[in-house]
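Undergrad: Protein sequences, first through last, are from chains A and B. The opening residue of the first sequence carries number 3 in my numbering; numbering runs sequentially from there. The opening residue of the second sequence carries number 3 in my numbering; numbering runs sequentially from there.
There are 2 protein chains.
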Amino acid sequence: MPSAIESLLTSNIRPSIQRMRILDYLRQKKNHPTVETIFNDLAPEIPTLSKTTVYNTLQLLKENGLVISLDLGEGYIRYDADTSPHLHFECEKCGGVFDIFMAPEDLRKKLPAGFVLKETRVYAFGVCAKCAKVNG
Amino acid sequence: MPSAIESLLTSNIRPSIQRMRILDYLRQKKNHPTVETIFNDLAPEIPTLSKTTVYNTLQLLKENGLVISLDLGEGYIRYDADTSPHLHFECEKCGGVFDIFMAPEDLRKKLPAGFVLKETRVYAFGVCAKCAKVNG
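Structure (structure tokens):
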């Protein structure tokens, strides 16, 4: 994987310290952190950091395909620098979010040993037939 | 399908006017409304209705498996009285949410004519191996 600075330059994003650290942090931590968590963890080493900067940076990284966002219905958004196709399993007891690298149809039969599946939710995003027609 | 009053009684929920109307409304409308939309549509005919009552009723219906909730990352929750397995397609232009009755793996090849798929997100919910062990 290219370094954070290389990834930013490739996406034509100016590699500020804050952007590099946030992207690095997301790549190192695999815990799908929220804006709050990222801010709390990085603020001690970057005194000028604000939650708004964290949020804006994540939006920028997301628009450029360097991170994805997860909404598990908890009332806040989590972020993940692993943009390869995978799905997310949330434990209803500990709240942990696990990366699961398999096709949705394999979920029930191939889950890691010991995991108990209770529900899956699939959301698709795109353009409906009517809007696709209107917008050419 | 049983009537709203029958469904409530079967679930041991006291069939108040408000509960019956909210469940009926969700079954008639297929537009995946929010608390706000339901409140605005029903308040004229039920003057004692409050947003809190709508919210609490939806939670009660959800806990009893009579409705499901959808979180499409818009910052609010939508509700759906169709609890059969299906997935949801959100149009990025008009914001409409469409019910799609197919397996996730068929999404790309069998979408309704004219629909353009850009992204799918799959979330799984259950218990992780560690918590399953701890909790017996």
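Glycine is no exception: its CB is placed at the ideal position from the N, C-alpha and C atoms.
Taking the beta strand (DSSP E) that Tyr125 (chain B) belongs to, which residues open and close that run?
TA: Unbroken beta strand (DSSP E) run through Tyr125 (chain B): 118-129.
Undergrad: When the cut-off is 8 Å and only beta carbons count, does Lys53 (chain B) lie next to chain A?
TA: Chain A contact via Cβ: absent.
Undergrad: Which of the three DSSP states, helix, strand or coil, is assigned to Ile40 (chain B)?
TA: Reduced to three states, the DSSP call for Ile40 (chain B) is helix.
Undergrad: Below 8 Å, how does it come out for the region 41-61 of chain A and the region 88-105 of chain A: are there three or more Cβ pairs, yes or no?
TA: Contact fails: fewer than three Cβ-Cβ distances are below 8 Å.
Undergrad: Determine the DSSP secondary structure at Ser71 (chain B), reduced to helix, strand or coil.
TA: If DSSP states are grouped into helix, strand and coil, Ser71 (chain B) belongs with the strands.
Undergrad: With a CB to CB cut of under 7 Å and the five nearest residues on each side skipped, what residues in its chain are close to His88 (chain A)?
TA: Here the set comprises Asp101, Ile102, Phe103.
Undergrad: Under 8 Å Cβ to Cβ from Pro17 (chain B), same chain only, skipping five residues before and after it: list those, please.
TA: Only Ala6, Ile7, Leu10, Leu11 meet the Cβ criterion.
Undergrad: Span of the alpha helix (DSSP H) holding Ile24 (chain A)?
TA: 19-30 is the span of the alpha helix (DSSP H), which, as asked, contains Ile24 (chain A).
Undergrad: Does any C-beta atom of chain B lie closer than 8 Å to the C-beta of Pro35 (chain A)?
TA: Not an interface residue.
Undergrad: Would you mind stating whether Thr59 (chain A) and Arg21 (chain A) have Cβ atoms separated by less than 8 Å?
TA: In contact: Thr59 (chain A) and Arg21 (chain A) (Cβ atoms closer than 8 Å).
Undergrad: Under 7 Å between beta-carbons, which chain C residues line up against Arg123 (chain A)? List them in chain order, please.
TA: The displayed structure is made up of protein chains A and B, and chain C is not among them.
Undergrad: Taking the alpha-carbon positions, what's the Ser13 (chain B) to Phe41 (chain A) distance?
TA: Their Cα atoms are separated by approximately 44 Å.
Undergrad: Counting only Cβ pairs nearer than 9 Å, list the residues of chain A close to Ser71 (chain B).
TA: Those are Gly75, listed as they occur along chain A.
Undergrad: Going by C-alpha to C-alpha distance, which of B:Gln61, B:Tyr125, B:Lys111, B:Val69 sits closest to Asp26 (chain B)?
TA: Selected option, being the one with the closest Cα: B:Val69.
Undergrad: Please list the segments of the beta strand (DSSP E) lying wholly inside the region 71-120 of chain A, counting only runs of 3 or more residues, in order along the chain.
TA: Listed in chain order, they are 80-82, 89-93, 99-102.
Undergrad: Check the C-beta distance from Ile15 (chain A) over to Leu44 (chain A) and give it rounded, since I have them as a contact under 8 Å.
TA: About 18 Å separates the two Cβ atoms, so there is no contact after all.
Undergrad: Counting Cβ pairs, one atom from each stretch, are 3 or more of them under 8 Å apart for the region 74-82 of chain A and the region 103-115 of chain B?
TA: No, the region 74-82 of chain A does not touch the region 103-115 of chain B.
Undergrad: What is the C-beta distance between Val124 (chain B) and Val124 (chain A), in whole angstroms, given that I count them as a contact (C-beta under 8 Å)?
TA: Confirmed, Cβ separation roughly 5 Å.
Undergrad: By the 10 Å Cβ neighbour count, where 16 or more other Cβ atoms means buried, how is Gly107 (chain A) classified, buried or exposed?
TA: Gly is not the amino acid found at residue 107 (chain A); the sequence shown has Glu there. Per the 10 Å Cβ criterion, exposed.
Undergrad: Mapping the DSSP letters down to three states, classify Ser9 (chain A) as helix, strand or coil.
TA: Here Ser9 (chain A) sits in helix by DSSP.
Undergrad: In this structure, does DSSP put Asn14 (chain B) in helix, strand or coil?
TA: Correct three-state label for Asn14 (chain B): coil.
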